[in-house]
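Peer 1: Quick one: this structure, given as structure tokens, is what I'll be asking you about.
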Amino acid sequence: MALPQTQSFRRLPDTLKSPQNGRLNDCTALIRPCRWSQRKRAAPMPAMAMRTPHLTANDPASLEVLVYCGEGAGYQSARNTLRALQSCLAPGVEARLLGTSEMLEGSWRSRCLLFVMPGGADLPYCKHLNGHGNSLLRGYVAGGGSYLGICAGAYYACRRVEFDPGGSLEVVGDRELGFFPGTARGPAYPGKDFG
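Numbering (the UniProt record's numbering) for the sequence shown: 1 to 195.
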């Protein structure tokens, strides 16, 4: 169901709520096209639809897109990702940063449309999120939540990482999260300074 782009997104139509329990089950059009995408294309990009059966927040104003900014997250990557998301989200959907302690506490899952793991360093992600943190992420995704990994966040979500084997930036090993059952190999541009 596509909603007109001029419609207010602060209140969801009743058709987006489950008749059985009143929970949000299809948050269509909560993400609007980015301003830059409308300038580059002849026709406006249609609003994206997201299936989000895991949401329990009844007030659409409390829906969030969360960008992890805890241990391992690159400062610039997290901030730039947050700014890009803020320019693309419809009114009523907030994007904000989420630190390690709040992530591990877990209450964010009931109102999160999208969890973003930005670029940075994969090994600190493992150190601080293996065990309980990854269990929360797997449960969130299994319940219908969405995960977006950017750079190190994408490597982190794979079953195995082989980054710069034998080089000065070598990171090789299995990963607990394992959303992608394969191996992430890199870097895409050998010799690049990632510091």
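Cβ coordinates follow ideal geometry from the N, Cα and C atoms, glycine included.
Please report the residue range of the alpha helix (DSSP H) in which Pro187 lies.
Peer 2: Position 187 of the sequence shown, counted from the first residue, corresponds to residue 187. Neither: Pro187 is in no alpha helix (DSSP H) and is coded neither H nor E.
Peer 1: Given that a residue counts as buried once 16 or more other Cβ atoms are within 10 Å of its Cβ, and exposed if not, what is Tyr75?
Peer 2: Stepping through the sequence shown from its first residue, residue 75 is reached at position 75. Exposed, because fewer than 16 other Cβ atoms sit within 10 Å of the Cβ of Tyr75.
Peer 1: Bridge partners for Asp174 per DSSP, in chain order?
Peer 2: Here residue 174 refers to the residue found at position 174 of the sequence shown. Paired residue(s): Arg160.
Peer 1: Applying the 10 Å Cβ sphere with the 16-neighbour rule, what's the burial state of Ala47?
Peer 2: By one-based count along the sequence shown, residue 47 stands at place 47. Confidence in Ala47 is poor, its pLDDT being 38 and thus under 50, which makes the residue's placement unreliable; the coordinate value appears in the next sentence. The residue is buried, with at least 16 neighbouring Cβ atoms inside 10 Å.
Peer 1: Comparing the CB of Arg185 with every heavy atom of the ligand FAD, is any distance shorter than 7 Å?
Peer 2: Of the ligands one can find in the structure shown there are none, so the ligand FAD has no counterpart to examine.
Peer 1: Taking its Cβ as the centre, do 16 or more other Cβ atoms sit within 10 Å of Asn130, making it buried, or is it exposed?
Peer 2: Within the sequence shown, numbered from 1, the residue matching residue 130 stands at position 130. Exposed is the call here.
Peer 1: May I ask you to list the residues that DSSP assigns as paired with Phe180?
Peer 2: Counting from one through the sequence shown, the residue named residue 180 turns up at place 180. Bridge partners of Phe180: Cys158.
Peer 1: Check Ala95 in the structure and name its three-state DSSP category.
Peer 2: Within the sequence shown, the letter at position 95 stands for residue 95. DSSP places Ala95 in strand when its eight states are reduced to three.
Peer 1: 8 Å is my cut-off, CB to CB: does Gly167 come that close to chain D?
Peer 2: As a matter of chain content, chain D is missing from the structure shown, which is built from one protein chain.
Peer 1: Under a three-way DSSP split, which group does residue 206 fall into?
Peer 2: In the structure as shown, the chain begins at 1 and stops at 195. Residue 206 is therefore absent and cannot be evaluated.
Peer 1: Could you have a look at Asp193 and say whether DSSP puts it in helix, strand or coil?
Peer 2: Within the sequence shown, residue 193 is the residue found at index 193, counting from 1. It is coil, neither helix nor strand.
Peer 1: So what does DSSP say about Glu102, is it helix, strand or coil?
Peer 2: Walking along the sequence shown from the start, residue 102 turns up at place 102. Residue state, collapsed to three classes: helix.
Peer 1: For Tyr155, which residues from the same chain have a beta carbon less than 6 Å from its beta carbon, with the 5 sequence-adjacent residues on both sides left out?
Peer 2: Along the sequence shown, one-based indexing puts residue 155 at 155. Excluding sequence neighbours, Tyr155 sits near Asp122, Val161, Ala184.
Peer 1: For Thr81, which residues of its own chain have a beta-carbon under 7 Å away from its beta-carbon, when the five flanking residues on both sides are left out?
Peer 2: Taking the first residue of the sequence shown as 1, we reach residue 81 at position 81. For Thr81, where only same-chain residues beyond five positions count, the Cβ hits under 7 Å are Val67, Val116, Pro118, Ile150.
Peer 1: On the DSSP letters alone, give me the boundaries of the alpha helix (DSSP H) that Leu137 sits inside.
Peer 2: In the sequence shown, the residue the question calls residue 137 occupies position 137. Note, Leu137: alpha helix (DSSP H), 132-142.
Peer 1: According to DSSP, is Ala121 part of a helix, a strand, or is it coil?
Peer 2: On the sequence shown, position 121 is the one that residue 121 refers to. Coil.
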